[in-house]
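Undergrad: Residue 126 in UniProt numbering sits at position 126 of the sequence shown, and the numbers go up by one each step.
Below is a structure I'd like to ask you about.
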Amino acid sequence: MEENGEEKLIAAVRHIAKTLGRTETMADDILQVFSSFDGRFSLDKLSSDRPLPHRRPPADSPPSAAVAPAVTGGGREADDHRPLSLERTIRTLDRQISRFVSSDSLIWSDAADAAAFLEAVDDLLATIHDLDSPSVPTDKPLLDRADDLLQRCMLRLEEEFRAILDRSDGAVISTPPSHDSDSDGADADDDRIPVAAPVDDYNLVIDALPPGSVADLHAIARRMVAAGFGRECAEAYGVSRRGFVDESIARLGLRPRPADEVQATPWPELEDDIARWVKGAKMAFLILVPSERRLCERVFASLPPFADLTFAAACRPAAASLLSFADAVAAGPREPERIFRLVDMYETLRDLLPELDHLLSEQYSVTLRAEVAAAHRALGAAIRGIFIELENLIRRDPAKAAVPGGGLHPITRYVMNYLRAACASRRTLEEVMDEDAAGAGVPPDRHPPSSSLSLQVAWIMDVLQSNVEAKSKVYPEPPLSYIFLMNNTRYMTQKASDCELGALLGDDWIRRQIGMVRRWGHDYQRTTWTKVVAVLRMDGVSAAATSSSAAAVKALRERLRVFNNYLEDIWRVQSEWVVTHDQLRTELRVAVAALVLPAYRNFIGRLRATADSGKLADRYIKYSVEDVEARINELFEGLRLQKPPVLEDQFQSCGNSLFRSSELLLTSEIGSNSRRKSSDALERAASSSTELLPLRSLVAPVPVCASVSPAQSVTASKRSNPPSLCFS
C-alpha cells in the first residue's frame, strides 16, 4: 500500500509540473523544487518516463557496482522518451555544475561541496557515455552541449587540483613504511623538518603532502583520466611538483649551470661544487626521487601510465640538471689532479645505478635511467683520459736542467705520490679500465694475468723510468748520473712497496727496480773509487823497496799525495751530492768504506814499515784511517748546497699541467680551517707518507738531508741491519 501511495504522489507531482510548466524548462524547474523539498521526490523518480542513464562505476569499484538502468513497461515507448530525458538530465547537471564552477571560493574548502561536485561530474560522464551509445539516436547539439559542460568541469577540476598541490604546508620525513596506506604519515606530524635538510641516513621518505590531500588528488585524477584529460592532469601535477623538486635541489646548494660556465670555473671552486654535487646527488636519487615516485603512485593509483608520466615530468628536469653538471665536469680538461673528484662522482653514480634500476624502469622514466648511465660512462672515459694524459705529460717533459746534487726530480716525486694516492681507489679504477676493455669488444679472460689497470700503471712506470734515464744523461759526470738514477729509482720502489700501487705492479717489478739500483751502485763505485783504490795498490813498490828504501818511500809518498788529492776532490764535490733515502745513503757509504779503508790501512802500514820504522811516516800521513772514514760518512749530504736553480721553467716550457701554479692534490690539509683539496683516498695516502708536498714544493730547491756526524761510524750503521742492496 505504501508503494502505491508513493507512486500516486509522484504521479500527482508530475501532473502539476506538466500543467503549470508552460515550457519544458519551466517543468524541469518545478520538478527541481519538489526534489529539493522532499527526498522521496528525487529527480530519478520524477523523470522516470524512461530509464535514467546508468552511471559508470568509479575506477576503484568492482564491475558489479554498476547501476543498471531501470526497466519500465512499454520498452519501445521508453526508448522514444530517452533522448528527451537525457536532455533534461544535461540541463539539470548544467545548473548543478555551473553553481560550483562559477564559485569564487575553492570547492575543496568544503568536503560536502567537493563530494557533490564529484557526484555531478560522475553523472555527466555517465550521461555522455549514454549519448554515445549506439542504442540512442545521435543528437549532436546535445552531445556538444554535454562536451562543453565537461570541458568546464575539467578546467575547474584542474584548478582545484593545482590548489590542493600548492596548499601543502610542508614535508614530513619518515622511515619507509612497510606498506602504503593513507595513514602512513599520521604519526609524523611532530617530526616536521625542512625538505633537503642534511641527513646521515638515506633510508628516508619525504611525505610532501598530507594523506587527505593525496586522497583528494586521487579522486580528481580519476575523473580527469576518465574524461580523457589525463595528460592535462599529469601536466598540472608535473608543473607543481617540479617546483618542489627544483627548490629542494636548490636548497642543497646546487643550481642549473651551463657546461661552459662549469668548465670555466677555477678548479679550487669547482672542487667545492663537486663535493656539494656528490652529497646532493645522493639526497636527490636516494630520498627525493623515490619519495616523488611513491607520491605519484598514490595519486595516480590504478591509472597507468599516468603515474610514470607525472613522475618523469616532476623529476626529470632537476635530475637532468644534476647529470649535465657531471657531463660538463667529465668533458673538462684532463688535468691529473682532477682524477680524485672524478672518482668521487663516478663512485656516486655507480652506487646509485642499482637503486635506480627498478625506480626508473617504466615507459617515461626509463630514459632518465639511461641518462644516469651515460653520465657514469662519461666520467669513466674522463678518468681513463687522465691516465693517458699523465703518460703523455711525462713523455713530453724535456730533459733540460739537471737537478742539483743528483736528487729527486720533481716529476718522479709527483708521479709516484699521484699514483700512490690514486691507487687507493684501486677497485674503482679497475672497474673504469675494465669498462674500456669491454667497450672495445675485447673478450673477457676468466683468468687474466693482470688487470687493465695493472697494465696501464705499469706502462706509466715504464714511461717514467725512461724519462728519468733520459734526464740522467744531462749530467756531465757519470758518477752523478748514477746517483740521480739511484735516487729516483729507489724512490719509485719505496713509494710502491707498501700500498696498492705495489700490488698492481707486482713483486717482479720491485725486484727489477732493486736490481737496477744495485747495478747503478756498482757503476758509481767503479767510476769514482776504482782509480782511488788503484793508487793504493803496492804494484811496483816492493821491487823498488828491495833496491832502495829511499826510493820506496818516495814512491809511497807520491801515491799518498795522489790519494789525498783524490779524496779531497771527491769529498769537496760529492759532499754536495744528495742521496735522499737514508738506507741507500748508508749502504753506499758502507760499500765505499769496505772498498777503500782496507786498502788504505794496508798502504799506511807499508809506509810506516818502510820509513825508518814509522818515525817519519806520520810526517807524510795527512789522514788517518778514521779521518778517511769520517770523510766518507760526509758524502751525499748536500752540506754546501745553498740555493740551486729553480726547475720550474723547464716544465712550463712544454705546457706541462703537472706543474701549474695550483696546489697539488697530493698534499695533506694545511691548518684545521683550510679548504679541503683532496679526496678521502688522497687524505689516507697523505697520512701515511711524509713526501706528499704541494706542487710549489716540486719546483723548489732540492731538500737537504739531515747531517750525519763524523762520529757516527759506518760500523755503527751496520748494526741497524737494514735490508741491504749488496753493493759490495
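Positions of the beta carbon are idealized from the N, C-alpha and C atoms, including for glycine.
Would you report the Cα separation of A234 and F300, rounded to the nearest angstrom?
TA: The residue given as residue 234 occupies position 234 in the sequence shown. The residue given as residue 300 occupies position 300 in the sequence shown. Looking at the two C-alpha atoms, the distance is approximately 9 angstroms.
Undergrad: Less than 7 angstroms between C-beta atoms, sequence neighbours within five positions excluded: which residues of the same chain meet that for R162?
TA: In the sequence shown, counting from the first residue as 1, residue 162 sits at position 162. Hits under 7 angstroms: A236 and S240.
Undergrad: Which residue wins for smallest C-alpha separation from T92, given the options D110, A215 and V121?
TA: The residue you call residue 92 lines up with position 92 of the sequence shown. Among D110, A215 and V121, the Cα nearest to that of T92 belongs to V121.
Undergrad: Can you tell me the Cα-Cα spacing of L536 and S481, whole angstroms?
TA: Against the sequence shown, residue 536 aligns to sequence position 536. Against the sequence shown, residue 481 aligns to sequence position 481. Their Cα atoms are separated by approximately 26 angstroms.
Undergrad: Among S466, Q96 and W577, which one has its Cα closest to the Cα of E391?
TA: Taking the sequence shown and counting its residues from 1, one reaches residue 391 at position 391. For E391, the nearest C-alpha among the options comes from S466.
Undergrad: Give the range of the beta strand (DSSP E) segment to which D207 is assigned.
TA: Reading the sequence shown from its first residue, position 207 is the one you call residue 207. Counting along the chain, the beta strand (DSSP E) containing D207 begins and ends at V205 to D207.
Undergrad: Please tell me whether L323 and V372 are closer than 8 angstroms, where the distance is taken between their beta carbons.
TA: Position 323 of the sequence shown, counted from the start, is the residue given in the question as residue 323. Position 372 of the sequence shown, counted from the start, is the residue given in the question as residue 372. Cβ distance < 8 angstroms, so L323 and V372 count as in contact.
Undergrad: Out of K473, D94, V578 and L419, point me to the one whose CA is closest to M492's CA.
TA: For the purposes of this step, residue 492 is taken as the residue at position 492 of the sequence shown. In terms of CA proximity to M492, L419 leads the group K473, D94, V578 and L419.
Undergrad: Distance, Cα to Cα, E247 vs A318?
TA: On the sequence shown, residue 247 is found 247 positions in, with the first residue counted as 1. On the sequence shown, residue 318 is found 318 positions in, with the first residue counted as 1. If you take the alpha carbons of E247 and A318, they lie about 9 angstroms apart.
Undergrad: According to DSSP, is V474 part of a helix, a strand, or is it coil?
TA: Indexing the sequence shown from 1 puts residue 474 at position 474. DSSP places V474 in coil when its eight states are reduced to three.
Undergrad: Could you check if Q494 is buried or exposed, using at least 16 other CB atoms within 10 Å of its CB as the buried criterion?
TA: If you number the sequence shown from 1, residue 494 lands on position 494. Result: buried.
Undergrad: I need the boundaries of the alpha helix (DSSP H) containing E500, first residue and last residue.
TA: Position 500 of the sequence shown holds residue 500. From DSSP, the alpha helix (DSSP H) with E500 extends over E500 to L505.
Undergrad: Where DSSP assigns a beta bridge to E637, which residues make up the other side?
TA: Sequence index remark: in the sequence shown, residue 637 carries index 637 (1-based). V578.
Undergrad: Can you look up Y364 in the DSSP assignment and give me helix, strand or coil?
TA: Along the sequence shown, one-based indexing puts residue 364 at 364. The answer is coil: DSSP assigns Y364 none of H, G, I, E or B.
Undergrad: Check whether the Cβ atoms of A307 and R242 lie closer than 8 angstroms to each other.
TA: Counted from its first residue, the sequence shown places residue 307 at position 307. Counted from its first residue, the sequence shown places residue 242 at position 242. Cβ atoms of A307 and R242: not closer than 8 angstroms.
Undergrad: Does DSSP put K554 in a helix, a strand or coil?
TA: Sequence index remark: in the sequence shown, residue 554 carries index 554 (1-based). Looking at K554 - three-state DSSP - the assignment turns out to be helix.
Undergrad: Does the Cβ-Cβ distance between R293 and V214 come in under 8 angstroms?
TA: The count along the sequence shown starts at 1 and reaches residue 293 at position 293. The count along the sequence shown starts at 1 and reaches residue 214 at position 214. The criterion of a C-beta distance shorter than 8 angstroms is not satisfied by R293 and V214.
Undergrad: What is the DSSP secondary structure of E119, counted as helix, strand or coil?
TA: Numbered from 1 along the sequence shown, position 119 holds the residue referred to as residue 119. If DSSP states are grouped into helix, strand and coil, E119 belongs with the helices.
Undergrad: Determine, using beta carbons only, whether R384 and D344 come nearer to each other than 8 angstroms.
TA: Stepping through the sequence shown from its first residue, residue 384 is reached at position 384. Stepping through the sequence shown from its first residue, residue 344 is reached at position 344. In this structure, R384 sits away from D344, with a CB-CB distance that is not shorter than 8 angstroms.
Undergrad: Please identify the residue among I394, K554, D569 and L595 whose C-alpha is closest to the C-alpha of T610.
TA: Position 610 of the sequence shown, counted from the first residue, corresponds to residue 610. Ranking the options by Cα distance to T610, first place goes to K554.
Undergrad: Less than 6 angstroms between C-beta atoms, sequence neighbours within five positions excluded: which residues of the same chain meet that for D327?
TA: Walking along the sequence shown from the start, residue 327 turns up at place 327. Answer for D327: A375 and A378, listed in chain order.
Undergrad: So, is Y414 buried or exposed, given that buried needs 16 or more other C-beta atoms within 10 angstroms?
TA: Here residue 414 refers to the residue found at position 414 when the sequence shown is read from its first residue. So Y414 ends up on the buried side.
Undergrad: Which one of E576, A116, A227 and W509 has the shortest CA to CA distance from residue 742?
TA: No answer is possible for residue 742: it lies beyond the span of the chain, which begins at 1 and ends at 728.
Undergrad: Have a look at A320 and A221 and give me their C-alpha separation to the nearest angstrom.
TA: The residue given as residue 320 occupies position 320 in the sequence shown. The residue given as residue 221 occupies position 221 in the sequence shown. Distance between the alpha carbons of A320 and A221: 27 angstroms.
Undergrad: Alpha carbon to alpha carbon, what distance is there between P404 and V702?
TA: For this step, residue 702 is matched to residue 702 along the sequence shown. For this step, residue 404 is matched to residue 404 along the sequence shown. Bear in mind that the predicted position of V702 carries a pLDDT of just 34, short of 50, making it too unreliable to give a figure here.
Undergrad: Tell me the DSSP secondary structure of N656 in three-state form.
TA: Here the question's residue 656 lines up with position 656 in the sequence shown. Low confidence applies to N656: its pLDDT is 40, below 50, so where it sits in the model is not reliable, and the reading given next is rough at best. N656: coil per DSSP, three-state reduction.
Undergrad: To which residues of the same chain is residue 794 closer than 7 angstroms at the C-beta, ignoring the five residues directly before and after it?
TA: Outside the displayed range of the chain (1 to 728) lies residue 794, so it cannot be described from this structure.
Undergrad: Is I90 near L142, with beta carbons less than 8 angstroms apart?
TA: Here residue 90 is taken as the residue at index 90 of the sequence shown, counted from 1. Here residue 142 is taken as the residue at index 142 of the sequence shown, counted from 1. Closer than 8 angstroms, so yes.
Undergrad: Given a cut-off of 8 angstroms on the beta-carbon distance, is the pair L254 and Y202 in contact?
TA: On the sequence shown, residue 254 is found 254 positions in, with the first residue counted as 1. On the sequence shown, residue 202 is found 202 positions in, with the first residue counted as 1. Their beta carbons are not under 8 angstroms apart, which means L254 does not touch Y202 by this criterion.
Undergrad: Quick one: Cα of L429 to Cα of L356, how far?
TA: Counting from 1 along the sequence shown, the entry for residue 429 is found at position 429. Counting from 1 along the sequence shown, the entry for residue 356 is found at position 356. Rounded to whole angstroms, L429 to L356 spans 22 angstroms at the Cα level.
Undergrad: Does DSSP classify L408 as helix, strand or coil?
TA: As a position in the sequence shown, residue 408 is number 408, starting the count at 1. In the three-state DSSP reduction, L408 falls in the coil class, being neither helix nor strand.
Undergrad: Name the residue from D148, L157, S302 and F387 whose alpha carbon lies nearest to the alpha carbon of I460.
TA: For this step, residue 460 is matched to residue 460 along the sequence shown. For the residues D148, L157, S302 and F387, the minimum Cα distance to I460 belongs to F387.
Undergrad: Please state whether the Cβ-Cβ distance between A399 and A470 is less than 8 angstroms.
TA: The count along the sequence shown starts at 1 and reaches residue 399 at position 399. The count along the sequence shown starts at 1 and reaches residue 470 at position 470. Their beta carbons are under 8 angstroms apart, which means A399 touches A470 by this criterion.
Undergrad: Does the separation of the CB atoms of I483 and W571 fall below 8 angstroms?
TA: Position 483 of the sequence shown holds residue 483. Position 571 of the sequence shown holds residue 571. Going by C-beta atoms, I483 is not nearer than 8 angstroms to W571.
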